[in-house]
Structures are given as C-alpha cells and as structure tokens.
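Under UniProt numbering, the first residue of the sequence shown is numbered 1, with each subsequent residue one higher.
This report refers to the structure that appears directly beneath it.
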Amino acid sequence: MPDAAPVQAGDPESVNDYQVTERLGDSVYLARSPSGDRVVVRLLPADVDLDRFREAMEPLREIPAFCTAQVLDSGVDDGRPYIVSEYIDGPTLEETVASGGVLEAAALHRLAVGTMTALVAIHQAGTVHGDLRPGSVLFGPDGPRVIDLGMARALEATASTETRRVDVPAYTPPEKLRGASPEPAGDLFSWGATIAFAASGRSPFDAGSMSGTVNRIINDEPDLDALPDDLRGLVTACLAKDPARRPSASDALLRLVGELLTSDLMSVAHLSPAGPATRPVRRLRPLLLAAGAMAVALVSGARSTSACRGARRPSPRRAPYQAPHRVPRRVRSPPPSPPSPRAARTSPRLPSKRWRSPPRTSSWPGRASPCTRIRRTPSGWVAT
1 MPDAAPVQAG DPESVNDYQV TERLGDSVYL ARSPSGDRVV VRLLPADVDL
51 DRFREAMEPL REIPAFCTAQ VLDSGVDDGR PYIVSEYIDG PTLEETVASG
101 GVLEAAALHR LAVGTMTALV AIHQAGTVHG DLRPGSVLFG PDGPRVIDLG
151 MARALEATAS TETRRVDVPA YTPPEKLRGA SPEPAGDLFS WGATIAFAAS
201 GRSPFDAGSM SGTVNRIIND EPDLDALPDD LRGLVTACLA KDPARRPSAS
251 DALLRLVGEL LTSDLMSVAH LSPAGPATRP VRRLRPLLLA AGAMAVALVS
301 GARSTSACRG ARRPSPRRAP YQAPHRVPRR VRSPPPSPPS PRAARTSPRL
351 PSKRWRSPPR TSSWPGRASP CTRIRRTPSG WVAT
C-alpha cells in the first residue's frame with residue numbers, strides 16, 4: 001500500500017459514513033468505518049454511469065476474502081461513486097522489487113499460486129479484474145493479495161473517454177490494446193507478465209518506450225529467460241497472443257500446483273538413494289493432481305460460502321422450552337440393622353425316622369438271617 005500522507009485541501013472529510021484520515025493517492029483515502037476498522041475508500045469520476053457501476057459492483061460481493069482485498073461497500077456520495085475495500089498493510093510487488101530486488105524461487109512460487117488463486121475466485125464470481133499488474137498486488141502479513149477489484153469494470157462505465165483509466169501497456173493484453181473489453185483471458189495475460197516482472201524486475205515486453213512496448217506485446221514474443229523452468233511453460237501459455245489459446249484460471253492453477261510439486265519431488269528424488277528419480281514422481285502423480293483439485297475446490301467452496309453469506313435465511317423455529325431433566329440425587333441408605341435372633345420353634349420336633357433294612361431270610365446256609373446262629377454238626381451245618 002502506498003505511504004499515507006496528510007489530507008490536502010479539497011479532499012473530503014468523509015465519504016458517506018467513512019471518516020477520511022489520510023491520503024493514499026489521487027482520490028484514494030485511508031478511512032475509518034463506523035465500527036472503527038481501517039478501510040480504503042476510492043472515489044470515481046462523477047460522470048460514471050450509475051446503472052453500469054452498480055452492475056459492476058454486484059459480483060464483487062461474492063468474491064472470497066482470501067488472496068484479495070475484499071470489497072466491503074460501494075455507493076454514491078455527493079454525486080460521486082465510491083468503492084470501499086479491505087485495508088491491507090504491506091508493500092506492493094512493484095515496491096518490493098524496487099527496494100529488495102527480484103523474488104527468489106520460493107517467494108516467486110508463493111506469489112504465482114496466491115495471485116492465480118485470486119483470479120480463480122474473481123472469475124468464478126462472474127467478473128474480471130481487468131488491470132492486474134505489479135502495482136495491484138500487495139504483500140500482506142498473510143501472503144500476496146490482489147487489490148483494485150472492480151476498478152476496471154467501474155471505470156469502463158465512465159461516460160467520457162478523457163476520464164477513463166489509462167492502463168499500464170506493459171501488462172495489458174493485445175486484444176485490449178486493440179479496444180476489446182476486459183475478459184478473463186486478459187487477466188491470464190496480465191498475470192503472466194506480472195510473474196515475469198517479479199522474476200526479472202521488468203516487463204517481458206519492455207522496449208524502453210510506450211510505443212515500442214505496445215508493438216512488442218502485439219507482434220513479438222516475451223523475454224522469459226529469468227523465469228525458472230517450472231514456471232516458464234505456464235507463463236508462456238498465458239502470454240499467448242490469441243486469447244483462445246490461453247488456459248483458464250482454474251486449469252492454470254491445477255497445472256501450476258502440479259508442476260511445482262513435481263519439481264520439488266524431482267529435486268528430492270535425485271538426492272534419494274532409493275532409485276531412479278522418475279519412479280517416485282510417477283507413483284505420486286495422482287496425488288499431485290489431487291492437490292491441485294483441492295486448491296480449486298477450496299476456491300469454489302469459499303465462493304459458495306460467500307454467496308450464501310448474504311442470502312436472507314428464515315430463522316429456525318424454536319422448540320418449546322423444556323425443563324432440563326434432572327437426575328435424582330442418590331440417597332445413601334443407612335447400614336442394615338443386625339439380624340434379629342431366630343425365634344424358637346413352638347412346634348414339637350418330630351423324631352426322625354431312619355430307614356432300616358428288613359432282616360434277611362434265606363434258606364441257603366451261607367446267607368442266613370443276622371438273627372440266626374449257624375453251627376456245624378456231625379451231620380452238617382444247622383441253623384438254630
């Protein structure tokens with residue numbers, strides 16, 4: 001974000017309910033919302049067609065709040081349309097390269113993924129950015145953010161050509177230089193030129209003059225020597241002269257994530273003694289495609305959540321009040337009393353009857369009755 005400066009004479013003290021505190025640029029102010037949050041307020045020319053302006057602002061409310069500076073409000077105050085967006089504290093890509101040099105590989109990859117994710121969200125909301133360039137990318141505390149959403153479409157609604165925004169030719173697609181309206185394919189061209197700038201510090205079509213740069217954009221191939229191999233192929237496809245040959249933002253994000261992960265795995269596999277470098281990469285290729293699909297699904301899910309956020313939903317019917325069920329407290333019973341002595345039986349005890357076998361009788365001498373005495377006589381055994 002540009003350095004803030006004191007408010008000058010002629011600047012508004014407030015825009016609708018937003019109190020202006022500092023000046024960020026021409027018709028761009030740092031302000032306080034009614035809730036006390038810091039926001040950015042942009043005033044547009046007074047000759048903007050209000051119907052087209054409101055139509056351009058409507059899709060911006062569906063864009064998720066990640067990877068972009070979310071549009072919070074829009075309207076008309078004192079005859080001038082305005083756009084209120086989230087304040088991101090951080091330098092632009094242009095300022096970062098000017099002060100610290102070009103981005104290294106890791107930072108360049110994060111920039112590429114973050115800005116392409118923002119384009120996926122913008123295009124799925126049914127609109128385009130229309131003016132992506134190094135000055136419209138901020139490095140916030142949580143990563144790169146794309147700002148100036150809706151500015152190109154809003155200024156396309158300006159009645160007079162004198163007050164329309166002048167694009168930066170070095171990042172403008174050739175079809176727009178010929179007078180075409182902003183389209184999603186044009187954002188892909190601007191993205192490729194912006195990533196090339198982050199790697200080299202200059203536009204891939206820079207010719208030292210505006211006319212020379214415009215001629216190179218229309219007729220010549222870009223200079224992408226500073227880009228790493230895992231980004232050069234995708235950037236080349238995005239900078240195609242024919243918009244129909246450029247990938248969509250969703251396809252570019254899938255390819256971007258897949259190529260970056262494949263490159264990382266290749267570098268690890270070359271250092272691993274497990275075997276050839278192609279084997280682990282080929283084995284994990286479905287995983288890489290799944291990771292890219294998850295990135296696009298994340299954007300799609302966030303867009304659905306954002307779209308449903310503003311919808312008015314009927315409040316659910318409340319159930320009748322029911323007293324909470326209370327579990328009765330467990331009462332500790334007193335210890336059992338000692339058993340009372342058993343009362344003596346009053347009924348007489350009957351004598352037990354024992355079974356006795358009857359006396360045995362037998363005519364056989366050897367099995368005589370127990371009451372029979374057997375003695376031996378000269379004539380034989382006799383029972384007496």
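Built from N, CA and C at the ideal position, the CB exists for glycine as well.
Owing to the predicted nature of the structure, the values given are computational and were not obtained by experimental measurement.
Counted as a single uninterrupted DSSP element, the alpha helix (DSSP H) harbouring residue 56 occupies residues 50 to 57.
Between residue 91 and the set 233, 141, 34, 40, the nearest pair of CA atoms involves 141. Secondary structure at residue 149: coil, using DSSP grouped into helix, strand and coil.
In terms of Cα proximity to residue 218, the closest of 231, 189, 198 is 189. Across the structure, residue 120 and residue 8 are spaced so that their CA atoms are roughly 38 Å apart. Between the alpha carbons of residue 237 and residue 102 lies a gap of roughly 22 Å. Annotation for residue 245: no alpha helix (DSSP H) segment contains it, and DSSP assigns it neither H nor E. Residue 197 carries a helical assignment under DSSP once its states are collapsed to helix, strand and coil. Within the model, the alpha-carbon separation for residue 255 versus residue 18 is close to 42 Å. With a 10 Å radius around the Cβ and a threshold of 16 neighbouring Cβ atoms, residue 209 comes out exposed. Cβ-Cβ distances below 6 Å link residue 186 to 173, 176 in the same chain, with the five nearest sequence neighbours on each side left out; the list follows chain order.
Cβ contact annotation for residue 215 (same chain, cutoff 8 Å, sequence separation greater than five): 207, in chain order.
DSSP links residue 82 through a beta bridge to 43, 75.
Within 10 angstroms of the beta-carbon of residue 194 lie 16 or more other beta-carbons, which makes it buried. The beta carbon of residue 118 sits closer than 6 Å to the beta carbons of 67, 68, 146 from its chain, once the five residues preceding and following it are set aside; these are given in chain order. For residue 19, the three-state secondary structure derived from DSSP is strand. Contact check for residue 55 and residue 128: beta-carbon distance about 13 Å, past the 8 Å limit, so the pair fails to qualify. The alpha-carbon separation between residue 232 and residue 132 amounts to approximately 19 Å. Ranked by Cα distance from residue 61, the first of 29, 93, 126 is 126. The C-alpha of residue 4 is placed about 30 Å away from the C-alpha of residue 109. Collapsing the DSSP output to three states places residue 34 in coil. Across the set 220, 135, 257, 181, the C-alpha of 135 shows the shortest separation from the C-alpha of residue 197. By the C-beta density criterion, residue 72 is buried, having at least 16 other C-beta atoms within 10 angstroms. In the three-state scheme derived from DSSP, where H, G and I count as helix and E and B as strand, residue 138 is classed as strand.
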